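**Student:** So for the sequence shown, this note's numbering puts the first residue at 96; every next one is plus one. Backbone N, C-alpha and C fix where the C-beta goes; we use that ideal spot for every residue, glycine too. Since this is a predicted model, take the numbers as computed values, not measurements. First, the structure itself, so that you have it in front of you.
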Amino acid sequence: MTERLVAEPGPNESSELTTEPVYRVLYDGQCEICQACVAWLRTLDTRNQTASLPISADVLASIDSRLELSLCLRQLHVVTPEGEILVGWDAVACLARLFPSTWLIGALGSVFPFRALGRLGYGFVAANRYSLSKCRGGACLVAKPEAVRRQVGLGAFWSCYTLGFLIRLPLVLWAGITAARQRFSVFARTHNQRFDLLNGKLTILFLNGALPNTVPLLFGELFTTVLYDGVAIDPGSPKMRRSLTRHLRRLKPKITKVVATHAHEEHVGNLNWLSDLTGAPIYLSEMTAQFLTPFKKLPWVRAIIIGQPPNLNPPFEILRDSITTSSGRLAVIATPGHCDDHIVLYDPEEKVLLAGDAFMGSYFATPNPDVDSHKWLTSLERLAELDIEILVEGHGHIHTIRKEIPDFPGVVIRQDPKIAIMEKLDYLRWLRQQIEAGFREQLPVRVIEATCFPWGKRSSWESCATDECIRFLSLGHFSRTELVRSFVRPSAEPLPTVYEVRLYRGE
Ligand SMILES: [Zn+2]
Numbered sequence: 096m097t098e099r100l101v102a103e104p105g106p107n108e109s110s111e112l113t114t115e116p117v118y119r120v121l122y123d124g125q126c127e128i129c130q131a132c133v134a135w136l137r138t139l140d141t142r143n144q145t146a147s148l149p150i151s152a153d154v155l156a157s158i159d160s161r162l163e164l165s166l167c168l169r170q171l172h173v174v175t176p177e178g179e180i181l182v183g184w185d186a187v188a189c190l191a192r193l194f195p196s197t198w199l200i201g202a203l204g205s206v207f208p209f210r211a212l213g214r215l216g217y218g219f220v221a222a223n224r225y226s227l228s229k230c231r232g233g234a235c236l237v238a239k240p241e242a243v244r245r246q247v248g249l250g251a252f253w254s255c256y257t258l259g260f261l262i263r264l265p266l267v268l269w270a271g272i273t274a275a276r277q278r279f280s281v282f283a284r285t286h287n288q289r290f291d292l293l294n295g296k297l298t299i300l301f302l303n304g305a306l307p308n309t310v311p312l313l314f315g316e317l318f319t320t321v322l323y324d325g326v327a328i329d330p331g332s333p334k335m336r337r338s339l340t341r342h343l344r345r346l347k348p349k350i351t352k353v354v355a356t357h358a359h360e361e362h363v364g365n366l367n368w369l370s371d372l373t374g375a376p377i378y379l380s381e382m383t384a385q386f387l388t389p390f391k392k393l394p395w396v397r398a399i400i401i402g403q404p405p406n407l408n409p410p411f412e413i414l415r416d417s418i419t420t421s422s423g424r425l426a427v428i429a430t431p432g433h434c435d436d437h438i439v440l441y442d443p444e445e446k447v448l449l450a451g452d453a454f455m456g457s458y459f460a461t462p463n464p465d466v467d468s469h470k471w472l473t474s475l476e477r478l479a480e481l482d483i484e485i486l487v488e489g490h491g492h493i494h495t496i497r498k499e500i501p502d503f504p505g506v507v508i509r510q511d512p513k514i515a516i517m518e519k520l521d522y523l524r525w526l527r528q529q530i531e532a533g534f535r536e537q538l539p540v541r542v543i544e545a546t547c548f549p550w551g552k553r554s555s556w557e558s559c560a561t562d563e564c565i566r567f568l569s570l571g572h573f574s575r576t577e578l579v580r581s582f583v584r585p586s587a588e589p590l591p592t593v594y595e596v597r598l599y600r601g602e
């Protein structure tokens with residue numbers, strides 16, 4: 096296992112070394128407090144006047160031979176563009192003077208008596224930083240983490256983690272507000288809309304409903320039905336039926352088959368209804384069909400918001416390796432992970448992957464209780480081998496760099512699907528390593544969860560407000576804790592259906 100649990104390059108870090116002369120800020124990449132301060136610095140530094148570099152012997156040697164590792168670990172060092180080395184409070188004051196919003200603090204902090212007070216306060220924090228940071232979430236460089244873990248109780252871990260959170264709290268809240276604004280904008284632009292692509296071969300119908308609308312507004316997941324060359328995929332829940340009816344009346348599509356990618360309620364509630372309406376037969380995987388007859392009772396929150404799907408009625412067909420469309424065929428690929436019965440549809444001619452929920456963004460931290468991340472990893476590895484140019488998610492996002500797909504901010508993501516899948520794989524592999532290490536060390540689940548979301552990782556604090564909001568509103572059904580549990584599902588155990596499975600606390 097690796098000891099470098101939290102240090103991770105920020106988005107603009109790689110370019111920082113190559114830009115114009117800047118103030119080089121040397122920080123302890125393993126310390127929560129230092130990382131939190133760097134997060135602030137990056138937010139304030141809109142003109143890229145600083146470069147934050149985690150301390151290592153190599154980095155110090157490459158910057159200035161006067162820099163000493165042990166001294167740099169003790170307090171903040173800043174090297175100015177002129178080559179001057181500022182230390183401790185003087186370095187803080189110098190950085191503060193760079194930005195309009197903190198200029199006054201920096202200017203006052205450079206003169207008596209504030210300079211003396213600043214040095215005193217800084218000295219106290221710097222001296223006590225290690226005692227707070229002796230934890231797995233921010234294993235200090237000063238001691239071997241193995242030894243530290245034996246000596247220190249979890250109190251130090253939590254005080255360190257909490258402090259990291261509190262220092263970033265305004266950033267967390269601001270990121271939460273920004274994300275909410277973006278969700279509202281996408282919701283307004285997709286409300287009962289449709290998106291026609293590939294000369295009408297691919298159409299995304301955005302589904303709405305009074306109560307289902309809370310999901311895109313609060314969580315950012317849009318509800319969709321995908322029409323692909325005559326095949327209707329995932330026709331929504333009963334509470335979205337009016338929205339679907341309106342689309343069908345306007346578009347009058349020729350539907351020849353109705354398919355569900357998996358048995359989650361927002362995908363399967365209108366299968367029989369749409370089949371009866373259009374005369375098109377239903378196609379499902381064997382396991383999905385099993386899960387739908389009868390459909391298990393949903394937890395009440397989900398039943399109220401999305402709607403309890405009716406049981407599946409025959410006739411229906413079982414999906415084999417492929418399914419014919421109006422002008423070709425789609426390969427059917429089993430992709431367990433998001434849930435055991437998941438399948439995706441792939442058009443090798445057009446290089447389109449209709450992924451359902453088998454791909455939900457590269458970063459997705461609030462799964463539901465039926466996610467099995469080990470299986471998901473294997474499925475994503477399989478998808479990574481396909482030649483994909485357009486990846487259509489089940490909840491409204493399209494990853495592509497193909498020019499003929501028009502821009503649709505918040506829906507079309509200009510990213511190579513292959514790279515998106517690889518990023519997701521990297522993220523899941525890193526999580527697996529964190530979680531396995533945590534269980535090996537017999538850490539409590541809560542602590543393991545926290546180590547999977549170190550504040551030094553930008554996505555941890557940026558999505559924190561949204562993730563916790565999802566946890567609260569779903570009564571814990573979708574949460575960061577489930578992400579940890581998704582790695583500890585014993586694979587031998589058969590899972591009749593997801594909703595019945597509440598995990599094993601892992602202790
Ligand atoms: Zn799902």
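Expressed to the nearest angstrom, what Euclidean distance is found between the alpha-carbon atoms of H172 and Y217?
**Tutor:** Those two C-alpha atoms are separated by around 13 Å.
**Student:** Cβ atoms of I516 and F475: under 7 Å apart, would you say?
**Tutor:** Residue 475 is actually Leu in this sequence, not Phe. Result yes, Cβ atoms of L475 and I516 sit closer than 7 Å.
**Student:** Can you tell me the Cα-Cα spacing of R345 and G325, whole angstroms?
**Tutor:** The straight-line gap from Cα to Cα measures roughly 16 Å.
**Student:** Hey, quick one: how far does the alpha helix (DSSP H) through T138 stretch, first residue to last?
**Tutor:** Per DSSP, T138 belongs to the alpha helix (DSSP H) from E127 to L139.
**Student:** Identify, in the order they occur along the chain, each residue of the same chain with its Cβ nearer than 8 Å to the Cβ of P307, setting aside the five sequence neighbours on each side.
**Tutor:** So the list reads F318, S332, K334, M335, E361, I400, I401 and G402, once near-sequence residues are dropped.
**Student:** Assign H437 to one of three DSSP states: helix, strand, or coil.
**Tutor:** Note: H437 maps to coil in three-state DSSP.
**Student:** Let's test the definition: count the other Cβ atoms within 10 Å of the Cβ of F582 and tell me whether it reaches 16, buried, or not, exposed.
**Tutor:** That one is buried.
**Student:** Can you tell me which of the three DSSP states G233 falls into?
**Tutor:** At G233, the pLDDT of 39 sits below 50, so the modelled position is not reliable; the number obtained from the coordinates is stated separately. In this structure, G233 counts as coil in the three-state DSSP scheme.
**Student:** Identify every run of the beta strand (DSSP E) within the region 142-167, keeping only runs that are complete inside it and at least 3 residues long; order them along the chain.
**Tutor:** You should have 145-149.
**Student:** Do you know how far the Cα of K552 is from the Cα of R231?
**Tutor:** At R231 the pLDDT is 41, less than 50, meaning the model places this residue with poor confidence and gives no usable figure here.
**Student:** Where in the region 274-337 do unbroken runs of the beta strand (DSSP E), each at least 3 residues long, occur, reported from the N-terminal end onward?
**Tutor:** Runs found: 289-292, 297-302, 318-323 and 326-328.
**Student:** Helix, strand or coil for D521, going by three-state DSSP, please let me know.
**Tutor:** Of the three classes helix, strand and coil, the one that applies to D521 here is helix, per DSSP.
**Student:** For G432 and E488, I'd like the C-alpha separation in whole angstroms.
**Tutor:** Roughly 15 Å separates the two Cα atoms.
**Student:** Check whether the region 126-135 and the region 152-164 touch, using three or more Cβ-Cβ pairs below 8 Å as the test.
**Tutor:** In short, these stretches do not touch, since the Cβ pair count stays below three.
**Student:** What span of residues does the beta strand (DSSP E) with A355 cover, start to end?
**Tutor:** Careful: A355 lies outside any beta strand (DSSP E) and carries neither H nor E.
**Student:** Kindly identify the DSSP beta-bridge partner or partners of V427.
**Tutor:** Paired residues: L440.
**Student:** Taking the alpha helix (DSSP H) that L369 belongs to, which residues open and close that run?
**Tutor:** L369 -> alpha helix (DSSP H) spans L366 to T373.
**Student:** Taking the alpha-carbon positions, what's the L268 to R278 distance?
**Tutor:** Roughly 15 Å separates the two Cα atoms.
**Student:** What are the boundary residues of the alpha helix (DSSP H) that includes H469?
**Tutor:** S468 to A479 is the extent of the alpha helix (DSSP H) around H469.
**Student:** Count the CB pairs spanning the region 384-397 and the region 349-360 that are closer than 8 Å, and state whether there are at least three.
**Tutor:** With the cut-off at 8 Å, the region 384-397 and the region 349-360 touch.
**Student:** Give the secondary structure of V583 by DSSP, where H, G and I count as helix, E and B as strand, and everything else as coil.
**Tutor:** V583 falls in the coil class under three-state DSSP.
**Student:** In the DSSP assignment, find the unbroken alpha helix (DSSP H) run with T388 in it and report its ends.
**Tutor:** Unbroken run through T388: none, as it is neither H nor E.
**Student:** By Cβ distance, which residues of its chain are closer than 7 Å to S422, with the 5 residues on each side in sequence left out?
**Tutor:** Excluding sequence neighbours, S422 sits near D324.
**Student:** With distances taken between CB atoms, is the gap from I485 to T495 smaller than 7 Å?
**Tutor:** Yes, the pair counts as a contact, with Cβ atoms nearer than the cut-off.
**Student:** Taking the continuous alpha helix (DSSP H) assigned at V396, which residues delimit it?
**Tutor:** Residues W395 to I400.
**Student:** Is the Cβ-Cβ distance between C167 and L215 less than 7 Å?
**Tutor:** Not a contact, by the Cβ cut-off of 7 Å.
**Student:** Identify whether A211 lies in helix, strand or coil by the three-state DSSP scheme.
**Tutor:** Here A211 sits in helix by DSSP.
**Student:** Thinking C-alpha only, which one of P501, L520 and T197 is nearest E480?
**Tutor:** Checking every option, the nearest Cα to that of E480 belongs to L520.
**Student:** Hey, is H572 close to ligand 1, as in C-beta under 6 Å from one of its heavy atoms?
**Tutor:** No - ligand 1 has no heavy atom lying nearer than 6 Å to the Cβ of H572.
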